Amino acid sequence: MNESEKNIKENFEYKAEMKQLLNIIIHSLYTHPEVFMRELVSNASDALNKLRFRRLTDSNILSPELELSIRISLDKENMTFTIEDTGIGMAREDLIDKIGTVASSGTIEFLKNLKDEQKSLDGQLIGQFGVGFYSVFMVTEQITIDTRSVDPEGKSYRWQSEGDDKFTIEEIEERQRGTRIYFKLREDYKQYCDEFQVKSVLKKYSNFVDFPLFVGDEEINKVTALWHRKKDDIKVEEYNEFYKYLTNDFEEPLGHLHLAIEGNINFKALLFVPQTAPPSFFRETSDKSLHLYSKKIFIQDDAKELLPDYLKFVRGIVDTEDLPLNVSREVTQSSPLMTKIKNVLTGKILTLFEEWAVNDKTKYEKFFKNFGSLFKTGVNSDFSNKDRIVELYRFESSALPKGELTSLKEYCSRMKENQKEIYYISGDTRDSIMKNPNIEYFIAQNLETLFITDPVDIFTIPYLHVYDGKSLKSIEKADVQISDESQQSRDRINPEMATSLIALFKETLGVQVEDVIESKRLVESAATLVVGQQGLDVQMEKMMQYLDKEFTVSKRILELNTSHPLIKNLSTMLIADASNPVLLRSIWQIYEGALLIEGHIKNPSEFVARMTEFMTEATN
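In terms of our numbering, the sequence shown opens at residue 20 and continues consecutively.
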């Protein structure tokens, strides 16, 4: 390629989603504009980590003796900001694929919703969605990247963009390995070319970067690997700042674990439990969980093999001397050492939660409300720790105010003397559960009932089955134990009339129901539907319907409250005229009304039409 060809710029258009992203970033209000520095330093550190790891196994790299460092240069007069690393660099394809595309699925939708709702987009969200590089467009109108990859045959390239709908790439004169990013600051952000201001920001965000970080000629990060220091020598503030650096989180962690394990396995670990889950937490599968080091040398930042899935919200670092430096990702995935470390970490994390549950219930309940949906899945995936996870399980309950949680152990301590089962009921929300006719008896009799409102519970509750010798029982099942004594004082229709009316219900509804019986559980409502002994839980059936549109729910048992005025009126009407059309229409209305409450009514238009007929007749 001759000199003229070398300087030809290739023009590229951003993909549609990138255009939307840039538009949102440039035209939205940010609460932490200085976050662009944290993101640039973080990217430079990643590039150096990749280079350091490659250097362990590949001697055929460009300038192997070159110092690993990050340097920031500021020109106050011209208002320019430059950051340069000696890391792995980028090839032409990297500039197209990595700089020109969104890194995280769901980003555009979430950011667009924030903009539509006129909410600010703070630095925490920038980091969580993997769009950190583009935060630079907050403070400048044009970004230039000069880069050369680690491959000896690699060429040097320049990438430029003004944050509109395109970018350019051109080959340039050979430069040293690594990446230089530079830009001119907009007038309203000129403070970020002031050395004092920049050093202050970087010490806040990047004090723990694992490579020398220079501003001008001054190295500003001289903190050693925190996890190798003695716990007694580390302040809480240092732990918190390290967590923020490691995770790009603006909040302090909920808690941490600092471990130094010696014996059959040797490793050090510094683990953190976040305050809250990021917006993308339950959608993303590419989380950077634990960072794996060997003798302070970075190996990988997504060592998922070190934690079970139900603890993947934990962040931190594990450093082991027992792992060879040239270990491959495939080796770490199948290494017995990793399994041993995983077992130790899991046990230590569960111990931490157990201590919170006893000594700091507020902290534990905050953790459980934020991460419980994931944590609970350990019940049916980690059988060796199942009993410990069950003890840490929490529920809302009819015996507690809204928002408060209880354990199964606490529930059992409040059980009535002759109560043999642990009662629960499922529903979308606590409020909807309290309107469910099936809970009326249990509220009236002061029988505590656990509320199952998290869809995850539907899959985990069957694995609990029995706790402390007591079965967990859905009160929506027909075979739940209900005392007859509480019903003896009720003014019900006589048994003969009840039998006749139930027979008419069965004849009218036919195959629509499994059975029709007299209810022991109803207090205020006229009727309810319950699941037969062989049927699935109501919420489980809803979940099955969501997964399979062809799934058919089981037939229900219709229970009638024979002390309710409506049922008494129907019984009187039956004696007078068994063929009265109002009687038959009432039976269908009662049945479909119960279906409506359950969410399984198939013909709501017929239900409404019949209701309109009744109202028309009543108002004549």
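Glycine is no exception: its CB is placed at the ideal position from the N, C-alpha and C atoms. Here the structure is a predicted model, which means the values were calculated and not measured.
Below 8 Å, how does it come out for the region 579-595 and the region 518-526: are there three or more Cβ pairs, yes or no?
Short answer: they touch.
Compute the Euclidean distance between the alpha carbons of Leu276 and Leu221, then round it to the nearest angstrom.
Their backbone Cα atoms lie some 26 Å apart in a straight line.
Which one or two residues does DSSP pair with Val292 in a beta bridge?
For Val292, which the question treats as bridged, DSSP gives the partners Gly274.
Looking only at its chain, what residues have a beta carbon closer than 6 Å to the beta carbon of Val213, apart from the 5 residues adjacent to it on each side?
As written in the sequence, residue 213 is Asp, which differs from the Val given in the question. Contacts found: none.
Which runs of the beta strand (DSSP E) spanning at least 3 residues fall entirely within the region 567-628, listed in chain order?
You should have 575-579.
Do Arg167 and Arg194 come within 7 Å of each other at the CB atom, strictly closer than that value?
Yes, they are a contact pair.
Tell me whether Glu312 is buried or exposed, calling it buried when 16 or more other Cβ atoms sit within 10 Å of its Cβ.
The sequence given here places Tyr at residue 312; Glu does not occur at that position. By the 10 Å Cβ count, Tyr312 comes out buried.
Roughly how many angstroms lie between the CA atoms of Ser451 and Ala288, to the nearest whole one?
Approximately 45 Å, taken between the alpha carbons.
Quick one: what's got a C-beta closer than 6 Å to Thr291's C-beta in the same chain, skipping five residues either side?
Before going on, a small fix: residue 291 reads as Phe here, not Thr. The answer, listed in chain order, is Tyr262, Pro272, His275, Arg334 and Gly335.
Return the chain-ordered list of same chain residues with a C-beta closer than 7 Å to the C-beta of Ser624, the five sequence neighbours on each side being excluded.
Same-chain partners within the cutoff: there are none.
Rounding to the nearest angstrom, what Cα-Cα distance links Ile576 and Asp498 in this structure?
Spanning the two alpha carbons is a distance of roughly 11 Å.
Is any heavy atom of the ligand MN found at a distance shorter than 6 Å from the C-beta of Ser78?
Ligands in the displayed structure: none, and consequently the ligand MN is not present.
Thr479 and Asn389: beta carbons closer than 7 Å?
No; because the gap between Cβ atoms is not below 7 Å, this pair is not in contact.
Is the distance from the Cβ of Thr198 to the Cβ of Gly108 below 7 Å?
Closer than 7 Å, so yes.
Can you tell me whether DSSP reads Glu324 as helix, strand or coil?
Helix.
Within the continuous alpha helix (DSSP H) that includes Tyr329, where are the two ends?
From DSSP, Tyr329 is part of no alpha helix (DSSP H); its letter is neither H nor E.
Let me know if Gly554 comes out buried or exposed under the rule of 16 or more other beta-carbons within 10 Å of its beta-carbon.
Answer is buried; the Cβ neighbour count reaches 16.
Skipping 5 residues on each side, what residues in its chain have a beta carbon closer than 8 Å to that of Val409?
Same-chain partners within the cutoff: Val398, Leu427, Leu483 and Tyr486.
To the nearest angstrom, how far is the alpha carbon of Ile477 from that of Glu611?
Rounded to the nearest angstrom, the two C-alpha atoms are 25 Å apart.
Reducing DSSP to helix, strand and coil, say where Tyr460 ends up.
Tyr460: helix per DSSP, three-state reduction.
Tell me the residue span of the alpha helix (DSSP H) that contains Glu384.
Element bounds for Glu384: Lys380 to Phe394.
For the region 60-77 and the region 223-230, state whether three or more C-beta atom pairs, one from each stretch, are separated by less than 8 Å.
Touching, yes, given that three or more Cβ pairs across the two stretches are closer than 8 Å.
Given a cut-off of 7 Å on the beta-carbon distance, is the pair Ser9 and Phe286 in contact?
The chain is shown only over 20 to 639; residue 9 falls outside these bounds and no answer can be derived.
Let me check understanding here. Comparing Cα to Cα, which of Phe186, Arg196, Val158 and Thr159 lies closest to Gly173?
Ranking Phe186, Arg196, Val158 and Thr159 by Cα distance to Gly173 puts Arg196 first.
Considering just the uninterrupted stretch of the alpha helix (DSSP H) at Phe261, what are its terminal residues?
That run of the alpha helix (DSSP H) goes Val255 to Thr266.
Buried or exposed for Leu245, please, with buried defined as at least 16 other CB atoms from any protein chain shown within 10 angstroms of its CB.
Label assigned to Leu245: buried.
Taking the alpha carbon of Leu371 as the point to measure from, which residue in Val255, Glu324 and Phe386 has its own alpha carbon closest?
Taking only the C-alpha atoms, the option nearest Leu371 is Phe386.
Does the beta-carbon distance from Glu560 to Val549 come in below 7 Å?
For Glu560 and Val549, no; Cβs fall outside 7 Å.
Jot down the residue ranges of each uninterrupted beta strand (DSSP E) in the region 473-508, minimum 3 residues, whole runs only, in chain order.
The region 473-508 contains these whole beta strand (DSSP E) runs: 489-493.
Going along the chain, which unbroken runs of the alpha helix (DSSP H) with 4 or more residues stay wholly within the region 73-125?
Taking only runs of at least 4 residues, the alpha helix (DSSP H) segments lying wholly in the region 73-125 are 111-116.
So, with DSSP's three-state summary, where would you put Glu29?
It is a strand residue.
Go ahead and pull the three-state DSSP assignment for Phe269.
Phe269 falls in the coil class under three-state DSSP.
Around the C-beta of Gly282, are 16 or more other C-beta atoms found within 10 angstroms, so that it is buried, or is it exposed?
That one is exposed.
Return the chain-ordered list of same chain residues with a C-beta closer than 7 Å to the C-beta of Asp447, the five sequence neighbours on each side being excluded.
The residues are Thr472.
Of all the options Lys95, His583, Ala637 and Asn437, which has the alpha carbon lying nearest to the alpha carbon of Gly235?
Among Lys95, His583, Ala637 and Asn437, the Cα nearest to that of Gly235 is on Lys95.
Taking Cβ positions, are Glu459 and Arg433 nearer each other than 7 Å?
Not in contact: Glu459 and Arg433 (Cβ atoms no closer than 7 Å).
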